[in-house]
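Each remark here refers to the structure printed beneath this line.
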Amino acid sequence: MARTLHAPTDDDLSTLHVHERHRDLGLGADDLRAMYRTIVLARVLDQKIWSLNRMGKAPFVVSSQGHEGAQVGSAAALRAGHDVVLPYYRDTGVVLTLGMTAEEVLRGVFARAADPCSGGRQMPNHWGSARLGIISGSSPIATQLPHATGLAYAAKLRGDDQVAVAYFGEGAASKGDFHEALNFAGIHSLPCVFVCENNGYAISVPLTQESAVDDVADRAHGYGFGGVIVDGNDPLDVYAATHQAVRRARAGDGPTLIECKTYRFKAHTSDDDDRTYRTPEEVEAWRKKDPLRQFRQYLIEQRLLTEAEEVAVDEEVKAEVDEAARRAEALPFPEPSTATARVYARPLGRDATSAGEDGPAVAHEVPLDDAGPTTERNVIDTIRQTQHDLLAGDDAVVLLGEDIGPRGGVFRATDGLAEAFGHDRVLDTPLAESSIIGIGIGLALAGHRPVCEIQFADFIHSGYDQIASEAARLHYRSDGDFAVPMVIRAPWGGGVHGALYHSQSIEATYAHVPGIKVVAPATPADVAGLLREAVADPDPVLFLEHKRSYRAVKGLVPDDPSWRVPIGRAAIARPGTDATVVTYGMVRHLAVEAADRLAEEGTGSVEVVDLRTISPLDVDTVLASVSRTGRCLVAHEDNISFGAGAEVAALVAEHAFFDLDAPVRRLATPDVPAFPFAPPLEEALSLDAARLAAALRDLLAV
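Quick note on numbering: the sequence shown equals residues 35 to 736 in this note's numbering.
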């Protein structure tokens, strides 16, 4: 059972460590001196940064003062460079223990180009280093916890003894990602250690107003594993608990939640005033149990630190920090021209303007007629066969999502794959979209190629933070140190009597997010080629599949499992000379049907451009077509306002204005939340070939 600690009293302070506790933990004198020096370094460095803030040289500070014992004590129990660590923004002591230097920390404080965490892109304390096994972190709290479970799941798949260690404050325990991550870790008995640095406050709100239970560690029992409460101001207590938890994880005995009861001596950040609840008396009571003071006292009692050595360490560390600050401040800022670099690991089209990106080359599209033997399939059979080929061809490919295992998915897109490749690679997950995507991010960071299925696109929004704040930004915010090669498959669109929550078009929401590619293939051949290319891409790809097309649309698909279609390149679905329809998804087929009608009746020759990729747009193909035909209709199933069509219309008006014989027009769904359930209401809003033909007749008449 977890044991409970309370705020220190004077009586607590009268109890001294009189026995050699460190020897019971397997720690020698050099180990303790190294831990002590790192605690001193973290404290002096923090004080230096606060001084720089007051001097106007460090515009933003996140203090770790008071947390050093929990941070150094826990990190010292890890295998640096082997275990993977996901710190949060207060963890200066953690990253120093793992090998980051004071100068590297200060480069981030000064936002210099040589900042190893982000190249000056993120605020200070957003740690990250692929070299040190420290995963790039962000400002939203708890988002790193599902990443840790994904990394731990990858270690379990590999069968090695790597442990994923995630740090967070008690405020993060209020978040859904906390529950989803710990639940998944418990279900699969993952090699995870969750370290909660509980300082009693989130920003200013005390724990009593954040949680109905006193101890965060007690929650672990609800997820089927152990929770331990330790004195976060006692590095040896923290070390002992972490060492044991790591040993359990390496042995395959599952995760542990460690709650370190500690305190932060300063405000949440340099921009906050949290005196509403924190009183001077409370702060002073905790200062008497300062981890630096306690650990120094222990070393003195053990005759491991003389007065002269204490002074020498203080002077040496102060000189080190002063020199590190001088060197870091003298370094140059990032070049302004690099502000747009590294949005993607592999830029495409007009986005391919920044330096330093890498990743596999963009696929060269072979015309279907030249692709060799083909088989006719519908869309859903193509998705299933392509995923089968991907799993068979690369052990790094892992599928995860709701009901994708024995059931084979609600649309049967994974039917038979779990039996063929194992339930560890075709993984049924809890109904928790944020964790599906977050676990996928962790798998991608570990070198896997996860394909995450969201059962219906309508339910992806609970994972928006993981997509927009994490997957899409990791490459940019780490200045290229990390990439997230993952695919998120999502059945989308209306016309299937799915009503408001099974008919949504979500593409514009996610196409607006730089760093993620949004793909919407319409034909079986494009589905196969683009899904393979999406899995090979080093960037996250949202792969949209129109539900109405699953069994209604058939076509020839190359049998060659290496055949690909490039992301970011549109296709001319039907050539024409008098007008251009720019579209994607199911509307592509409706547009071709409408164009054929107009040709039969002699009204005009209409070219249909199938975007295939919504972001990044193939601007050149669109402009070339409109420049030839002189007229443009943009058609899609999404709401008309602020959609992909509006972007296309703006680009055409900006770059092809003098080639136009008529204003650009749009045809889309009215601005309602989604399709209603009653058939007459759904039909009233739905596009069909007749409506497209009517819109084209009007355009051609201008």
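Where is the CB? At the ideal position from N, CA and C, for every residue including glycine.
Measure the C-alpha to C-alpha separation of G527 and C230 and round it to an integer number of angstroms.
-> 41 Å
Give me whichever residues DSSP pairs with K588 in a beta bridge.
-> N412
Can you tell which of D64, V653, H670, T611 has the C-alpha that lies nearest to the C-alpha of A625?
-> H670
Return the residue from the list G107, Q81, V239 that minimises the CA-CA distance to D356.
-> Q81
Spatial neighbours of E329 in its chain, beta-carbon cut-off 7 Å, leaving aside the 5 residues before and after | In the sequence on display, residue 329 carries Phe and not Glu. Only Y70, I73, G103, P269 meet the Cβ criterion.
What first and last residue would you give for the beta strand (DSSP E) that runs through I488?
-> That residue, I488, is in no beta strand (DSSP E); it is neither H nor E in DSSP.
Skipping 5 residues on each side, what residues in its chain have a beta carbon closer than 6 Å to that of A145?
-> G154
What are the boundary residues of the alpha helix (DSSP H) that includes P269?
-> 269 to 284
Whole angstroms is fine: what's the gap from H509's alpha carbon to G476's?
-> 14 Å
Excluding the 5 residues preceding and the 5 following V616 in the sequence, name in chain order all residues of the same chain whose CB lies nearer than 7 Å to its CB.
-> V643, L645, V656, C666, V668, V682
Could you tell me the boundaries of the alpha helix (DSSP H) in which P314 lies?
-> 314 to 321
Let me know if F676 comes out buried or exposed under the rule of 16 or more other beta-carbons within 10 Å of its beta-carbon.
-> exposed
Starting from H580, follow its DSSP beta bridges and name the residues at the other end.
-> W526
Given that a residue counts as buried once 16 or more other Cβ atoms are within 10 Å of its Cβ, and exposed if not, what is I522?
-> buried
DSSP beta-bridge partners of C230 = F202, E293
Validate contact between the segment 486 to 502 and the segment 533 to 550 using beta carbons, cut 8 Å, 3 pairs | yes
Once you ignore the five residues that flank S245 on each side, which residues in its own chain have a CB closer than 8 Å to its CB?
-> E204, A207, S208
In angstroms, rounded to a whole number, what distance separates the CA positions of I471 and P464?
-> 12 Å
Cα-Cα, which of E641, D271, D654 is closest to T730?
-> Reading off the sequence, residue 730 comes out as Leu, not Thr. When each option's Cα is compared against that of L730, the closest is E641.
How long is the line joining the alpha carbons of R622 and E579, rounded to whole angstroms?
-> 13 Å
Pair every Cβ in the segment 76 to 90 with every Cβ in the segment 252 to 261, then say whether three or more of these pairs are closer than 8 Å.
-> no
Quick one: grab the DSSP three-state call for L733.
-> helix
Determine which residues share a DSSP beta bridge with E641 and list them.
-> T614
Distance, Cα to Cα, V653 vs F218?
-> 42 Å
Proximal residues to P121 (C-beta, below 7 Å), its chain only, five neighbours per side dropped = V128, V129, W161, I168, G171, Y201
Just how far apart, CA to CA, sit F577 and A702?
-> 21 Å
Length of the line joining the Cα atoms of Q421 and D672 = 27 Å
Would you list, in sequence order, the uninterrupted beta strand (DSSP E) runs of no fewer than 3 residues that lie entirely inside the segment 445 to 481?
-> 460 to 462
Tell me whether the beta-carbon of T737 lies closer than 7 Å to the beta-carbon of S108.
-> Here the chain has residues from 35 to 736 only, and residue 737 is not among them.
Identify whether N673 lies in helix, strand or coil by the three-state DSSP scheme.
-> strand
Minimum C-alpha distance to R441 - residue among E453, A430, V431 | E453
Could you check if Q489 is buried or exposed, using at least 16 other CB atoms within 10 Å of its CB as the buried criterion?
-> buried
Taking A319 as the reference, give the member of G100, A727, E717 with the closest Cα.
-> G100
In chain order, what residues of the same chain lie with their CB nearer than 6 Å to the CB of A562, ignoring the 5 residues before and after it?
-> T416, T420, V591
By Cβ distance below 6 Å, which residues in the same chain neighbour L140 in space, the five residues on each side in sequence not counted?
-> A358, A359, A362
Can you name, in chain order, every residue of its own chain whose Cβ lies under 7 Å from the Cβ of D149, other than the five neighbours on each side?
-> R141, G142
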